[in-house]
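S.K.: Chains as they are written, first to last, in our numbering: chain A, 628 to 955; chain B, 628 to 955; chain C, 628 to 955; chain D, 628 to 955; chain E, 628 to 955.
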Amino acid sequence: MIRSLFYSPGQPIRKDIPPKEFPKLVRDRRGVLWVNFENEPADTCLPILQRFGFHPLAIDDALQEIHIPKLDDWGDYLYIVLNYLDIQANGYTWETKTEELDIFLGANYIVTLHDTPIPAIADTWASCDRDLRTVQEGPDHLLYRIADHLVSGYMPTVEKIDAAIDQIEDEVFDRPAPRTLEKLFALKRLLQAMRRILLPQREVMNKLARDDYKVIDPRDRIFFRDIYDHLVRLHDLNESLRDLVGGALDTYLSVINNRMNDVMKTLTIITTLFMPITFITGFFGMNFFEPVAGLVGWTTRQVFMATVSIMLLFPIGMFIWMRRRKWV
Amino acid sequence: MIRSLFYSPGQPIRKDIPPKEFPKLVRDRRGVLWVNFENEPADTCLPILQRFGFHPLAIDDALQEIHIPKLDDWGDYLYIVLNYLDIQANGYTWETKTEELDIFLGANYIVTLHDTPIPAIADTWASCDRDLRTVQEGPDHLLYRIADHLVSGYMPTVEKIDAAIDQIEDEVFDRPAPRTLEKLFALKRLLQAMRRILLPQREVMNKLARDDYKVIDPRDRIFFRDIYDHLVRLHDLNESLRDLVGGALDTYLSVINNRMNDVMKTLTIITTLFMPITFITGFFGMNFFEPVAGLVGWTTRQVFMATVSIMLLFPIGMFIWMRRRKWV
Amino acid sequence: MIRSLFYSPGQPIRKDIPPKEFPKLVRDRRGVLWVNFENEPADTCLPILQRFGFHPLAIDDALQEIHIPKLDDWGDYLYIVLNYLDIQANGYTWETKTEELDIFLGANYIVTLHDTPIPAIADTWASCDRDLRTVQEGPDHLLYRIADHLVSGYMPTVEKIDAAIDQIEDEVFDRPAPRTLEKLFALKRLLQAMRRILLPQREVMNKLARDDYKVIDPRDRIFFRDIYDHLVRLHDLNESLRDLVGGALDTYLSVINNRMNDVMKTLTIITTLFMPITFITGFFGMNFFEPVAGLVGWTTRQVFMATVSIMLLFPIGMFIWMRRRKWV
Amino acid sequence: MIRSLFYSPGQPIRKDIPPKEFPKLVRDRRGVLWVNFENEPADTCLPILQRFGFHPLAIDDALQEIHIPKLDDWGDYLYIVLNYLDIQANGYTWETKTEELDIFLGANYIVTLHDTPIPAIADTWASCDRDLRTVQEGPDHLLYRIADHLVSGYMPTVEKIDAAIDQIEDEVFDRPAPRTLEKLFALKRLLQAMRRILLPQREVMNKLARDDYKVIDPRDRIFFRDIYDHLVRLHDLNESLRDLVGGALDTYLSVINNRMNDVMKTLTIITTLFMPITFITGFFGMNFFEPVAGLVGWTTRQVFMATVSIMLLFPIGMFIWMRRRKWV
Amino acid sequence: MIRSLFYSPGQPIRKDIPPKEFPKLVRDRRGVLWVNFENEPADTCLPILQRFGFHPLAIDDALQEIHIPKLDDWGDYLYIVLNYLDIQANGYTWETKTEELDIFLGANYIVTLHDTPIPAIADTWASCDRDLRTVQEGPDHLLYRIADHLVSGYMPTVEKIDAAIDQIEDEVFDRPAPRTLEKLFALKRLLQAMRRILLPQREVMNKLARDDYKVIDPRDRIFFRDIYDHLVRLHDLNESLRDLVGGALDTYLSVINNRMNDVMKTLTIITTLFMPITFITGFFGMNFFEPVAGLVGWTTRQVFMATVSIMLLFPIGMFIWMRRRKWV
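1) Of all Cβ atoms in chain D, is any one closer than 8 Å to the Cβ of B/F851?
2) What separation, rounded to the nearest whole angstrom, lies between the Cα atoms of E/M891 and D/M949?
3) Pick from C/L900, C/G680, C/F649 and C/A747: whose alpha carbon is nearest that of C/M945?
4) What would DSSP say about C/K810, mapped onto helix, strand or coil?
5) Name the chain A residues that come within less than 8 Å of B/P805, Cβ to Cβ?
6) With a threshold of 8 Å between beta carbons, is A/D839 in contact with chain B?
7) Is there contact between the region 862 to 875 of chain E and the region 832 to 850 of chain E, where contact requires at least three CB pairs shorter than 8 Å?
8) Determine the contact status of E/T898 and C/T908, defining contact as a CB-CB distance below 8 Å.
9) Sort out for me which residues DSSP pairs C/W661 with in a bridge.
10) Secondary structure at E/N717, three-state DSSP: helix, strand or coil?
11) Let's see if you can read the secondary structure: which residues bound the beta strand (DSSP E) around A/D700?
12) What's the C-alpha gap between A/Y855 and B/L709?
13) Taking 8 Å as the CB-CB cut-off, is B/N888 touching chain D?
14) Can you tell me whether B/S631 is buried or exposed, with buried defined as 16 or more other CB within 10 angstroms of its CB?
15) Skipping 5 residues on each side, what residues in its chain have a beta carbon closer than 6 Å to that of C/I730?
16) What are the boundary residues of the alpha helix (DSSP H) that A/F768 is part of?
17) How do the region 713 to 730 of chain B and the region 881 to 889 of chain A stand: do at least 3 beta-carbon pairs fall below 8 Å, yes or no?
18) On the criterion of 16 or more Cβ atoms from any shown chain inside 10 Å, does D/F851 qualify as buried, or is it exposed?
19) Please decide whether D/R823 counts as near chain B, where near means a Cβ-Cβ distance under 8 Å.
20) Are the beta-carbon atoms of E/L826 and E/I792 separated by less than 8 Å?
21) Name the residue from C/L940, C/E830 and C/K787 whose alpha carbon lies nearest to the alpha carbon of C/G718.
22) Within its chain, find whatever has a CB closer than 6 Å to the CB of B/P646; leave out the 5 residues flanking it on each side and keep chain order.
23) How would you call D/G680, buried or exposed, if buried means at least 16 neighbouring beta carbons within 10 angstroms?
24) For C/G702, tell me which candidate among C/H857, C/L880, C/V842 and C/N914 has the shortest Cα-Cα distance.
25) Could you tell me whether the region 739 to 749 of chain B touches the region 803 to 817 of chain B, using the rule of 3 or more Cβ pairs below 8 Å?
26) Apart from the five residues just before and just after A/P636, which ones in its own chain have a Cβ nearer than 7 Å to its Cβ?
27) Please report the residue range of the alpha helix (DSSP H) in which D/P683 lies.
28) Let me make sure I understand the geometry here. Which of B/L660, B/Q691, B/P746 and B/N663 has the alpha-carbon closest to that of B/A669?
29) Which of the three DSSP states, helix, strand or coil, is assigned to B/V708?
30) Could you give the distance in angstroms between the alpha-carbon of C/L871 and the alpha-carbon of B/M821?
31) For the 8 Å Cβ check, are there 3 or more pairs between the region 746 to 764 of chain A and the region 772 to 781 of chain A?
32) Taking the alpha carbon of D/A716 as the reference point, which residue from D/T751, D/Q677 and D/V785 has its own alpha carbon closest?
33) Measuring only the C-alpha atoms, how far is D/I937 from D/E796?
34) Which whole-angstrom value describes the C-beta separation of D/T895 and E/L894, a residue pair presumed to lie in contact below a C-beta threshold of 8 Å?
35) Out of curiosity, what's the CA-to-CA distance linking B/A685 and A/I629?
36) Can you tell me which of the three DSSP states E/I904 falls into?
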């Protein structure tokens, strides 16, 4: 789907402009043109992008999937790649899809390309419809709005992850199960994926906030600085959450380990207590004490009493010995 | 709660000034104005902050929770975020809450915003009451006092953590329990949280000590340098404590591991000593030696003596063999 | 095999030029000369390279195997080492061979040396044959084509690795075997080897894209910048894949560990349930209850009933106790 | 204890000068004044330090314990903090105490403060007594002598640690005990503590060797460079020792692990060999073979022979099977 | 042993020149003087080095053992420390000795000091004997030759290590033994030691290749650049080998772990199969079934058949259960 809108001071907003008019509109220095490509095949986009006079390498990048936020300064226009992280909680795992948003930003136009619907684009477009001021402030301000929207979208995810960690932390102590570990690994992977996107995006915003670009009004840099701060904070939250996941993993492993130690101790205690006295029962079960061997003296009542005493005293002795070694 | 105080040379300190007078007072270049917002809703703060002419983005940052220390230079004023770490020992765990302190510092005024009571603010305010000199030295000196107080507040916590580690280190050797591990993990998390706050705060102080700001008297930079040194030292202490916690964790794990090895060895020794001789008792317990089978010759007194000898010599032999393998 | 081609504006492409003509052709500033050595012994290459007037150290480097991508600026020419990673899936392991491609790039010539056939060279050569324009744009453009081809060649490998990881991730949960671990280690090593090559190659492209070299047309730098971006992306994919392999390793180890814990628990439960009641059977198997000892009262029907009850109740009790400790 | 000495060309060295004369002596540009405070309370030091005109913040730092080597340039004087690491071998553990040495270095005076006796100070003082030349070369040379002495003092400790590691390495293979592990952890902690002091001290020396200070003769920088090199070497030795400790830890763990594996294998072998044949003995111990059940045919001499054969052959078979799995 | 040679254009090479002539020869700007000290006590070297007018600190460094490659620029001469790693394979362990080579490089002289014979020195000396050109190119070229020889000497060691790793990798899968682990740890330590020497040596060569020194002909810098590249490559090989050792360690541990898991599983399977049926044999071995108790009905032929059936079916059931849990 190709959509376009054109604003010129004192005139109503024009929509769905035929592509062949784009070069003319771009020459109107006071106007603002926004062209948006959503899920269009490369063949459709290519000729339209060429009308803007973009460098073939930049067009190549825009039509291929690159997936790493970056900013190329081509003088009269900037080529910017941003990422949109689509995260869906799916039971206790998380499905993440990284979507790419390609942006060409000129002095009086902005061209955006993406494959799947991105809320930041849809909402900004709707806002242009509702409120003329959105578009009046120029294409760099539109870029700010889109990026701000994109970045704000991470916050609910971060909060969902936070809640998930809280819930798992309780689970770790009460009923640690292999599933708990899977949940933790899923969160760890998710946070790694987020971090991988936040860092280069932060770098792009830093460049927009600091460097001197022909198409960015220096007074607007402060807005990109604001998004940059937002991304710094998100990165910091991400680090904190990774610490929490790391801590929960440590705790899980130590809880499991303690339980296993308990199991092994029980095994050893039972074996240690019963194996020797079972040997004694075996001893007196031998057929030597049948009348044939004439060892009748070994199976008298007195010996029986002594044997039973040993069978009672031996476990008590072992228990005391284990106590002293702090096993029990 | 909104509080304000205004000092002008030669006049008594004015308090609880109506907000509409603020712009006028700010124009009095020789005066010092301090406005403090504690736990006020954004709606109340917004119009008052706007009277000072702060940039909308800075006001946004101040009214939202950001939680990362930073410093923005807006020319006529600085916007500074500091953190206050509220740590409560709760049994052997620690409850930490990071509170945000937003500061606007102008040439002759300082505006502070926070949600919960912060001792550094309360004490500096009280000191302004008691001693005129506190406020005479200008708003940058007030900032120094607040920051200094904030940073000094970490020291008792560090000492409590140090004591806690000392106590755990003894526990690790004497009676290591799963609880010991939890305590260590709690300390590790606490130190991580502290470190996360100390580092950006240190950076803010470094900027105040090194860079040239319109609203900071160059002769006062040395004071921020002092706080910077203090934070460097706290960070170093934090690293040392983390080393100690790491060392205690290593020791705990090796003590537990040694104990488990002991347990397994005992299991193996008991099994190895008794299983073979129990087999022998079983052997002579078989019904072949009942008169029916005519194997009466196997259960004579001589065989019995031989059997008992084996039952005594076998464990001794095994013991010698284990000794040589250094198990016992 | 030594191959050469020479293009001069308005003339047909000459091929297989005798080496002694090279110096003369190089002096023709408008021509483009490409000399390619494939698997030639050093003795053959040496005199030809000397005709170009390359520095002895550069020739030494080109004739020895160095294996690390680098770029040396010798003023009139660049000496560049690129790597070609030949990866063959071999069952579940991977055979990787790093091949070296040495390049001398002058203002109007390019000399390439390699030991094994490299597709990037073969294809670019073929393209020169087919299409005059390939060679018209000068030797720096030929370098771009070769490097671009080389770098594009990593993509299918990355996709193969991606597919392999997908398949292993399923395996890890369903039927983890020692072989699964070997596969993961093999992938880890492969990704490490790739990373080791990508990073210095990226640095070479960065230099070509940023620095000012006599033999590179500044307008062509943007092409090397494009390859640089491609390598950044490959490096990023590599990192993601390493994360995935790391995650699969973690999962494998925890699945195996869970299984082992299950095994140990079963051992303990069986032992704990049966050892005590086996002792009881042994107790009543002793020969004291033969008529001789006169302990006939111990083996009455009532005692038997009581014994059988204990043998039934004891395991039930143990089971409840284990339940409470959350073993079962 | 406060000690002072004053050297003026052509005059005998004066000692124990009354503090009130200090300002006068400092004005004598050709003289050299050294004041040393050892374990003096802050109240005593404060007024004397104030006579020198030091900045209140610098005095504060000197009177408090800071414990991190640093260098502050106050223009007319430098404030330097150095550390002295007092290491006592205590059985197989090490007691380390970090002592702080505060130094004020002016153009013609040096003021040193410390709490416990430091050999570097004591020896340099004694050398001033013995040899006029020590003090003649100016206060920056005195600083060099003190720092050089301080740094040389680490060498014997490093050698002691080296010897301790050598001894432990033998122990690890011959008779690894929990104590061995404790020794290794103690060494690790000691080396960490050393490293923590060496690094900032190295930075201080680097500054003295490179930067331009009013009170340091540029020709004397080479001496601080020498100490810097010494600290680089110590840091390098420290890294090597840490590698050795790390290697010994790895070896210890693998030796212990091998032993535990041996233990577990023995347990399994014994159980696997004896449990099945013990079952057979139990089988034929059942009372079915009493005359009552009429199963007399099961307990004939032939069956006995067969049973004994199985009891002999079974363990042999198991042993062969284990051999093939490479357990034994 | 002190050796010296002096070359002056048009004259034969002089040898074993008396030390007192050195200052005179050094003044002959066109000559080249090389003095080599091998295993000479400091007392002998000191006066000779002083004749060259070296700074006392530089002489100190040269006469003590420092062991860290470094480069000090003293203006008229450079003081350089290089290292020679003497590696001897000793069974499966490696003996490494780091030897120090101290070099003073002046405009027309070079002074070298070392304790043990170093092949790089011996060969360069011999080459001066054989071929006048070696010495004609000046002392900086002699330095290049020595350093080049030193660095080339690492290559055979790297190849030996490579072969050793190859051999161990086979061993790890076929017959992993504690000794295998020791070999791997030995290789790890060796590679760590190599790395520790390569890095600072690389830095020295980088300085010689980049910085401007009075005593190095700028045209000769390219030679040091060549050694630098060689060291970069060695460092890279070292990293690869460390990866391989790391991979082999991982594999070893997982092979051992798999084996141990096998052992534990076998233990559990045997116990689980035999303990319950052994209990049954015990049950029927109790003396209740002696005629006395009148429980004769429990030991009839039918009960026997049922019991034997249970004894056969029970293990089969357990086996199916274990199969389903994927133990077997």
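We put the CB at the ideal spot given by N, CA and C, even for glycine.
Remember, predicted model here, so these are calculated numbers, not experimental data.
M.R.: So, to answer that:
1) As a working note, residue 851 of chain B is residue 224 in the second sequence. No, its Cβ sits nowhere closer than 8 Å to a Cβ of chain D.
2) For the purposes of this step, residue 891 of chain E is taken as the residue at position 264 of the fifth sequence. For the purposes of this step, residue 949 of chain D is taken as the residue at position 322 of the fourth sequence. Roughly 13 Å separates the two Cα atoms.
3) Mapped onto the third sequence, residue 945 of chain C falls at position 318. The option with the nearest alpha carbon to C/M945 is C/L900.
4) Position 183 of the third sequence holds residue 810 of chain C. C/K810: helix per DSSP, three-state reduction.
5) Taking the second sequence and counting its residues from 1, the one referred to as residue 805 of chain B is at position 178. Neighbours of B/P805 on chain A, chain order: S881, V882 and N885.
6) As a working mapping, residue 839 of chain A is identified with position 212 in the first sequence. No, because no Cβ of chain B sits closer than 8 Å to the Cβ of A/D839.
7) no
8) Counting from 1 along the fifth sequence, the entry for residue 898 of chain E is found at position 271. Counting from 1 along the third sequence, the entry for residue 908 of chain C is found at position 281. Not a contact, by the Cβ cut-off of 8 Å.
9) As a first step, residue 661 of chain C is located in the third sequence; it is residue number 34 there, counting from the start. According to DSSP, C/W661 bridges with C/L632 and C/I737.
10) Against the fifth sequence, residue 717 of chain E aligns to sequence position 90. The answer is strand: DSSP assigns E/N717 an E or B state.
11) Walking along the first sequence from the start, residue 700 of chain A turns up at place 73. Residues K697 to D700.
12) As a working note, residue 855 of chain A is residue 228 in the first sequence. As a working note, residue 709 of chain B is residue 82 in the second sequence. Straight-line Cα distance between these residues: approximately 18 Å.
13) Mapped onto the second sequence, residue 888 of chain B falls at position 261. Closer than 8 Å: yes.
14) Taking the second sequence and counting its residues from 1, the one referred to as residue 631 of chain B is at position 4. With 16 or more Cβ atoms within 10 Å of its Cβ, B/S631 is classed as buried.
15) Taking the first residue of the third sequence as position 1, residue 730 of chain C is located at position 103. Closer than 6 Å at the Cβ level, and outside the excluded window around C/I730, lie I707 and T739.
16) On the first sequence, residue 768 of chain A is found 141 positions in, with the first residue counted as 1. With the sequence shown as reference, residue 768 of chain A is identified as His, and Phe is not the correct amino acid for it. Looking at the DSSP string, the run of the alpha helix (DSSP H) that includes A/H768 is P766 to S779.
17) no
18) Taking the fourth sequence and counting its residues from 1, the one referred to as residue 851 of chain D is at position 224. Buried: at least 16 other Cβ atoms inside 10 Å.
19) Within the fourth sequence, the letter at position 196 stands for residue 823 of chain D. For D/R823, the answer is yes, since a Cβ of chain B falls inside 8 Å of its Cβ.
20) Start at 1 with the first residue of the fifth sequence, and residue 826 of chain E comes out as number 199. Start at 1 with the first residue of the fifth sequence, and residue 792 of chain E comes out as number 165. No, the pair does not count as a contact, with Cβ atoms beyond the cut-off.
21) The residue you call residue 718 of chain C lines up with position 91 of the third sequence. Taking only the C-alpha atoms, the option nearest C/G718 is C/K787.
22) The residue you call residue 646 of chain B lines up with position 19 of the second sequence. Closer than 6 Å at Cβ, skipping near neighbours: I675.
23) To locate residue 680 of chain D, count along the fourth sequence from 1; it is residue 53. So D/G680 counts as exposed.
24) For the purposes of this step, residue 702 of chain C is taken as the residue at position 75 of the third sequence. C/G702 has its Cα closest to that of C/V842, out of C/H857, C/L880, C/V842 and C/N914.
25) no
26) For the purposes of this step, residue 636 of chain A is taken as the residue at position 9 of the first sequence. Contacts found: R657.
27) Numbered from 1 along the fourth sequence, position 56 holds the residue referred to as residue 683 of chain D. Unbroken alpha helix (DSSP H) run through D/P683: P683 to L690.
28) On the second sequence, residue 669 of chain B is found 42 positions in, with the first residue counted as 1. Minimum Cα distance to B/A669 is reached at B/Q691.
29) Within the second sequence, numbered from 1, the residue matching residue 708 of chain B stands at position 81. Residue state, collapsed to three classes: strand.
30) The residue given as residue 871 of chain C occupies position 244 in the third sequence. The residue given as residue 821 of chain B occupies position 194 in the second sequence. Whole-angstrom Cα-Cα distance: 31 Å.
31) yes
32) The count along the fourth sequence starts at 1 and reaches residue 716 of chain D at position 89. With distances taken between Cα atoms, D/A716 lies closest to D/V785.
33) Within the fourth sequence, the letter at position 310 stands for residue 937 of chain D. Within the fourth sequence, the letter at position 169 stands for residue 796 of chain D. Their backbone Cα atoms lie some 49 Å apart in a straight line.
34) Working through the fourth sequence from its first residue, we reach residue 895 of chain D at position 268. Working through the fifth sequence from its first residue, we reach residue 894 of chain E at position 267. Sure, about 4 Å apart at Cβ, within 8 Å.
35) One-based indexing of the second sequence puts residue 685 of chain B at position 58. One-based indexing of the first sequence puts residue 629 of chain A at position 2. Answer to the nearest angstrom: the Cα atoms are 37 Å apart.
36) Here the question's residue 904 of chain E lines up with position 277 in the fifth sequence. Three-state DSSP puts E/I904 in a helix.
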